[in-house]
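Here is the structure we will look at, set down as structure tokens.
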Amino acid sequence: MDIEEFRKAGYQAIDRICDYYASLQNRPVVSQVQPGYLVDALPASPPEQAEDFDTIADDFQKLIIPACSLEGILGDLYSSSVSNPGFNWLSSPACTELEQVVMDWCAKLIGLGDHFLNRNGIGGGVIQEQTTASEACIVVCVAARARYVRENPDAKLEDLVIYTTTQTHSLGVKAGLVLGLEVRALPVKPEYEYGLRGDALRQALKEDHARGKRPFVFIGTVGTTSSGAVDNLEEIGQVLKEHPCIWLHVDSAWAGVAMACPEYREYGKLDAINKYAESYGTNFHKWGLVNFDASMLWVKSRRNLTDALDVTPEFLRTKQHDAGLVVDYRNWHLGLGRRFRSLKVWFVLRRYGVEGFRKHIREGVALNEHFASLVRASPDFELVTTPSLALSVFRLKLPSGVVLKEQETTLSALNDLNRAFHTRISAESDKIFLTQTMLNNTFCMRFAVGAQRTKREHVDQAWQLIQASARTAREDWLAKRTRA
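Each position in the sequence shown, counted from 1, maps to that position plus 6 in my numbering.
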């Protein structure tokens with residue numbers, strides 16, 4: 007492809023992306039294809055002869071279709087136009103230093119303390135190379151393990167324990183599988199909105215120390231995936247002050263960007279995070295207007311990362327690194343090379359500004375509050391938890407007059423009804439997608455707002471679909487019970 011062919015193809019790509027976004031609300035919310043569709047549609051071997059680019063672009067339009075934010079798309083476009091392997095400062099000075107700046111911008115945007123800034127030379131932030139909060143958790147556990155063993159040389163690896171809760175994202179269990187370490191999920195209670203309290207942590211520590219175990223990291227959460235629950239980080243921090251070798255990591259993958267709005271910082275336990283946390287992570291690609299991927303991790307001490315992860319063979323040594331003048335981000339995560347991800351974050355923050363970013367977050371919260379008000383006003387539905395920012399967890403109520411079967415409980419009947427409802431709405435509508443979750447054996451649905459173009463009219467349309475599917479599901483469920 008020569009320059010003019012590239013120019014023409016580039017214009018066509020932008021036009022098609024714009025057409026796609028203009029038609030989004032008329033498209034199914036979930037892919038309608040079946041497993042194996044692309045394997046069957048594409049040849050088993052690459053073409054022997056070069057193909058016309060129009061044909062390639064047409065196949066992309068027909069078979070692939072992207073889903074990104076426009077500013078992020080342009081950032082990715084520009085980042086792909088330059089070679090930035092990113093494994094050290096010398097190979098990619100702009101990639102390295104823009105990331106330092108952008109991570110400080112984002113830290114200030116969401117209210118993190120100065121000790122998390124790259125500018126202070128002690129702590130700092132990094133965009134994780136493998137893209138997700140799950141990798142950030144693994145990196146943190148590696149660093150926490152290295153620090154714990156360094157400070158407790160008598161500790162045996164088989165005695166180390168990662169602490170999570172029963173509502174922590176699966177990233178905690180994944181870290182344990184990767185590192186070959188025990189994971190203990192501490193139970194949370196509905197009366198505390200599924201957040202962990204300090205007393206539960208203190209009791210677990212007492213039990214584990216009595217059996218010779220060594221808890222070395224606790225993964226707290228602000229905004230759990232299931233329900234938006236928030237662990238009581240002030241109480242947890244106070245408990246961990248008695249155990250300074252235990253690392254407190256706070257995962258706020260989807261909710262963290264809401265801290266850009268000062269009114270949500272109390273919800274997000276920001277003061278406790280700044281006071282007690284060794285590390286903090288959030289994903290700007292979830293609700294932060296950046297297309298996938300942009301998983302961000304901040305640490306109070308960068309040395310804890312580099313002590314655990316620094317691998318510098320002779321061919322990667324540079325005079326700038328040896329003199330301590332630069333950051334080499336390869337030592338802040340698992341990979342070696344890295345993409346120029348900070349560019350798209352830079353584009354988004356400059357295009358929206360702080361006020362525009364806050365406006366986006368506030369609109370999402372307001373839309374969820376509108377949905378929650380519809381649920382509260384309905385005699386057929388109920389909220390299972392207090393709505394959390396842009397997330398509501400709800401379920402169908404049992405119809406009046408339902409007689410429980412032998413050995414059936416109200417909870418089991420409710421779960422059965424709501425599973426039938428979820429199956430129905432998943433099968434009937436291509437306009438809405440509700441994920442299911444379990445909260446301490448309670449089956450319920452999640453309604454989440456986060457897309458830039460979601461409006462009140464879309465929430466109202468979703469509510470109409472939910473009501474219609476619920477009516478059909480309830481009728482079928484009652485008829486099935488009668489026949490039985």
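Glycine included, each C-beta is placed from N, C-alpha and C at the ideal position. This one's a predicted model, so the numbers in the text were calculated from it and none came from an experiment.
Residue from the options with nearest C-alpha to residue i
i: E164; options: R153, T174, G182; result: G182
i: T170; options: L118, L123, G226; result: G226
i: V184; options: V35, L340, P52; result: L340
i: K141; options: D257, E213, P250, F66; result: Lys is not the amino acid found at residue 141; the sequence shown has Glu there. Closest option to E141, Cα to Cα, is D257.
i: E414; options: R368, K14, R487, I472; result: R487
i: G287; options: K281, I23, V305, G119; result: V305
i: K68; options: A161, A47, S85, Q55; result: A47
i: L83; options: S406, D8, E412, V351; result: V351
i: D436; options: L207, L276, Q467; result: Q467
i: V371; options: A457, I23, V245; result: A457
i: F66; options: A19, A216, A206, K180; result: A19
i: H499; options: W469, Y154, D8; result: In the structure displayed, the chain extends from 7 to 490; residue 499 sits before or after that span and is not available.
i: T172; options: F222, L192, T391, M302; result: L192
i: M302; options: A139, A476, K411; result: A139
i: N424; options: T392, E481, H464, A378; result: E481
i: L177; options: Q106, T448, T230; result: T230
i: E284; options: Q473, A150, A56; result: A150
i: L331; options: F387, S29, A152, N124; result: N124
i: V228; options: T416, H255, E197; result: H255
i: I79; options: N421, E388, S348; result: S348
i: A63; options: I472, Y17, I144, Q55; result: Y17
i: E135; options: I472, A474, L342; result: L342
i: E241; options: Y198, A216, R217, S85; result: Y198
Length of the line joining the Cα atoms of residue i and residue j
i: Y270; j: F59; result: 48 Å
i: S51; j: R430; result: 40 Å
i: F363; j: R459; result: 14 Å
i: A73; j: V296; result: Low per-residue confidence applies at A73: pLDDT is 45, beneath 50, and the placement is therefore not dependable, though the value from the model is reported in the following sentence. In a straight line, the C-alpha of A73 is about 11 Å away from that of V296.
i: A15; j: N32; result: 26 Å
i: C147; j: Y27; result: 39 Å
i: H428; j: R308; result: 45 Å
i: V179; j: V189; result: 6 Å
i: N446; j: V132; result: 35 Å
i: G42; j: I168; result: 38 Å
i: D313; j: P49; result: 48 Å
i: I252; j: D299; result: 30 Å
i: L397; j: H175; result: 16 Å
i: P159; j: T102; result: 35 Å
i: Q470; j: T443; result: 22 Å
i: K403; j: A485; result: 17 Å
i: N126; j: D8; result: 46 Å
i: T478; j: R401; result: 15 Å
i: K325; j: R156; result: 28 Å
i: P405; j: A419; result: 11 Å
i: V465; j: V390; result: 19 Å
i: Y335; j: L104; result: 12 Å
i: S10; j: Q40; result: The sequence shown places Glu at residue 10, rather than the Ser named in the question. E10 and Q40: Cα-Cα distance of roughly 38 Å.
i: A476; j: P393; result: 21 Å
i: T441; j: T448; result: 14 Å
i: M265; j: F122; result: 15 Å
i: S29; j: R22; result: 11 Å
i: K411; j: N421; result: 14 Å
i: A210; j: N289; result: 30 Å
For residue j and residue i, believed in contact at Cβ under 8 Å, the rounded distance
i: V399; j: C450; result: 5 Å
i: R462; j: H366; result: Contact flag wrong, Cβ pair sits at about 15 Å.
i: W260; j: W293; result: 6 Å
i: W483; j: A426; result: 5 Å
i: G130; j: M109; result: 7 Å
i: K219; j: G243; result: Incorrect: roughly 21 Å between the Cβ atoms, too far for contact.
i: V35; j: F439; result: 5 Å
i: V263; j: L373; result: No, V263 and L373 are not in contact; Cβ-Cβ is about 16 Å, not under 8 Å.
i: L187; j: L207; result: Their Cβ separation, rounded to whole angstroms, is 18 Å, which puts L187 and L207 out of contact at 8 Å.
i: I279; j: L239; result: 6 Å
i: F224; j: L246; result: 7 Å
i: C267; j: R368; result: 6 Å
i: Q106; j: V354; result: About 17 Å; that fails the 8 Å criterion.
Residue i: CB within 7 Å of a non-hydrogen atom of the ligand GTP
i: L211; result: As for the ligand GTP, it is missing from this structure, which has no ligand bound.
Inset, instruction - Decide if the region 192-203 is in contact with the region 231-243; the criterion is three or more beta carbon pairs, one per stretch, under 8 Å apart. - result: yes
Inset, instruction - Counting only runs of 3+ residues fully inside the region 393-451, write out the beta strand (DSSP E) ranges in chain order. - result: 397-402, 441-445
Legend entry - Cβ contact (3+ pairs, closer than 8 Å) linking the region 308-325 and the region 108-122: no
Legend entry - Contact the region 349-358 vs the region 380-393: 3+ CB pairs below 8 Å: no
Inset, instruction - Please confirm if the region 115-130 is in contact with the region 274-286, defined as three or more CB-CB distances below 8 Å between the two stretches. - result: Three or more beta-carbon pairs drawn from the region 115-130 and the region 274-286 are found closer than 8 Å, and the two stretches are therefore classed as touching.
Legend entry - Every unbroken beta strand (DSSP E) within the region 298-382, with a cutoff of 3 residues, ordered by chain: 301-305
Inset, instruction - Pick out the complete alpha helix (DSSP H) segments inside the region 117-169, 4 residues or longer, and give them in chain order. - result: 139-157
Inset, instruction - At 4 residues or longer, and completely inside the region 261-299: list those alpha helix (DSSP H) runs for me, N to C. - result: 276-282, 290-293
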